[in-house]
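Protein chains: 2
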Amino acid sequence: MHKTSLQQALQQAETNCRASGSRLTEKRRHILQLLLESDTPLSAYELAARYQEQFHDNIPAMSVYRMLDFLVSETLAHKLNSTNKYIACSHIACDHAHEVPQFLICDNCHQVKEIGISKAIIDALDKSVKQAGYVLTQPQIELHCLCAACSRAA
Amino acid sequence: MHKTSLQQALQQAETNCRASGSRLTEKRRHILQLLLESDTPLSAYELAARYQEQFHDNIPAMSVYRMLDFLVSETLAHKLNSTNKYIACSHIACDHAHEVPQFLICDNCHQVKEIGISKAIIDALDKSVKQAGYVLTQPQIELHCLCAACSRAA
DNA sequence: TCACAAAATGATATGTTATATCATTACTAT
DNA sequence: ATAGTAATGATATAACATATCATTTTGTGA
Numbered sequence: 484m485h486k487t488s489l490q491q492a493l494q495q496a497e498t499n500c501r502a503s504g505s506r507l508t509e510k511r512r513h514i515l516q517l518l519l520e521s522d523t524p525l526s527a528y529e530l531a532a533r534y535q536e537q538f539h540d541n542i543p544a545m546s547v548y549r550m551l552d553f554l555v556s557e558t559l560a561h562k563l564n565s566t567n568k569y570i571a572c573s574h575i576a577c578d579h580a581h582e583v584p585q586f587l588i589c590d591n592c593h594q595v596k597e598i599g600i601s602k603a604i605i606d607a608l609d610k611s612v613k614q615a616g617y618v619l620t621q622p623q624i625e626l627h628c629l630c631a632a633c634s635r636a637a
Numbered sequence: 484m485h486k487t488s489l490q491q492a493l494q495q496a497e498t499n500c501r502a503s504g505s506r507l508t509e510k511r512r513h514i515l516q517l518l519l520e521s522d523t524p525l526s527a528y529e530l531a532a533r534y535q536e537q538f539h540d541n542i543p544a545m546s547v548y549r550m551l552d553f554l555v556s557e558t559l560a561h562k563l564n565s566t567n568k569y570i571a572c573s574h575i576a577c578d579h580a581h582e583v584p585q586f587l588i589c590d591n592c593h594q595v596k597e598i599g600i601s602k603a604i605i606d607a608l609d610k611s612v613k614q615a616g617y618v619l620t621q622p623q624i625e626l627h628c629l630c631a632a633c634s635r636a637a
């Protein structure tokens with residue numbers, strides 16, 4: 484992520500939190516920054532290590548988990564359940580409301596693309612879920628793929 | 484799962500393995516049986532514990548993982564990546580070819596329903612993935628829901 | 001501004017899931 | 001029978017996650 488858009492995202496995160504009456508503390512902001520700067524999803528422990536390197540401050544894994552919980556609850560970050568790692572939300576700086584996130588995870592280079600899922604797919608999924616008698620609670624789709632570069636290389 | 488369909492499934496698993504030239508050993512079969520008998524997905528460690536109870540034989544977690552890997556590779560079981568648990572495939576006894584599995588996971592009672600995903604959804608997903616330049620490798624969708632009973636209760 | 005309450009973070013312990021590696025046992029085929 | 005392969009056991013350790021209580025920081029209202 485470029486420096487300007489990084490600053491923009493952090494700025495917007497600040498604004499969003501202020502609006503929702505929550506506090507984006509320095510450490511939470513740093514964790515978000517690390518996620519924004521990373522090409523790939525990071526685990527809580529990886530974040531703790533990077534925090535140490537980049538900000539020269541030791542931070543317990545326990546605290547990282549709590550900060551991640553905060554960021555996820557504010558939709559500033561997402562947890563990828565299939566890999567137990569975290570990524571910054573791609574849409575922090577966008578105005579538009581959050582939709583069902585769909586993640587394309589490259590199993591080779593681990594880059595993740597967050598794409599908006601189309602209305603047609605949501606509707607179709609919702610229909611098949613309802614037919615089965617279920618009710619969707621946390622719609623989030625994670626698809627394991629190869630990205631363009633890695634699929635060419637393979 | 485009823486006793487007869489349990490026996491049928493185990494029988495069919497045996498046949499499938501023979502056909503693919505792999506060996507459904509006694510312990511692998513027992514692990515599959517435990518999965519078939521369970522209402523909910525089980526972790527490797529839970530399986531090790533149940534194995535002890537039901538078959539009065541101690542089995543190391545390491546071995547359970549290997550047996551699960553085997554069962555998954557033979558499509559006799561599935562791993563739920565979002566919960567790190569395993570379930571028997573619902574379609575062992577069916578003839579029809581395996582399609583993209585879609586799992587509806589009840590976050591309250593943990594029951595899982597494996598439904599066939601409709602062609603329309605697959606196509607739509609595939610299209611959006613391709614548009615993003617990606618190639619699906621292990622299509623499997625896990626949706627977190629409430630089942631009919633639990634959503635009524637809530 | 002001071003004191004209090006609430007929120008955030010630290011410290012410590014422990015539980016849960018997963019993999020690496022080397023030794024041993026069991027099956028298969030010549 | 002025996003060599004080679006597949007399966008399992010044993011042991012250690014890594015990686016991910018939560019519970020709990022203590023301490024620090026922050027915001028609020030007297």
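Chains A and B, in that order, are what the protein sequence lines are. Position 50, counted from 1, in the first sequence is what the numbering used here calls 533; the numbers after and before it change by one each time, with no gaps. Position 119, counted from 1, in the second sequence is what the numbering used here calls 602; the numbers after and before it change by one each time, with no gaps. We put the CB at the ideal spot given by N, CA and C, even for glycine. Model, not experiment: these values are computed from the prediction.
- Along the segment 583 to 603 of chain A, the positions whose C-beta sits under 8 Å from a C-beta of chain B are 585, 587, 589, 590, 596, 598, 600, 601, 603, read in chain order.
- Beta-bridge partners assigned by DSSP to residue 586/A: 597/A, 625/A.
- Fewer than three beta-carbon pairs drawn from the segment 606 to 619 of chain B and the segment 527 to 537 of chain B are found closer than 8 Å, and the two stretches are therefore not classed as touching.
- Under the DSSP assignment, residue 560/A falls in the beta strand (DSSP E) whose first and last residues are 560 to 563.
- In the three-state scheme derived from DSSP, where H, G and I count as helix and E and B as strand, residue 507/A is classed as coil.
- Of the candidates 503/A, 548/A, 517/A, the residue whose Cα lies closest to the Cα of residue 490/A is 517/A.
- For residue 548/A, the enclosing alpha helix (DSSP H) stretches over residues 544 to 556.
- Not a single CB atom of chain A sits nearer than 8 Å to the CB of residue 525/B.
- About 5 Å separates the beta carbons of residue 598/B and residue 615/A, which is inside the 8 Å limit, making them a contact pair.
- With respect to residue 570/B, residue 524/B sits close: the two C-beta atoms are nearer than 8 Å.
- In the DSSP assignment, residue 525/A forms a beta bridge with 569/A.
- Under the DSSP assignment, residue 575/A falls outside any alpha helix (DSSP H); it carries neither an H nor an E label.
- Below the 8 Å Cβ cutoff, chain A contributes no neighbours of residue 500/B, its closest Cβ being approximately 26 Å away.
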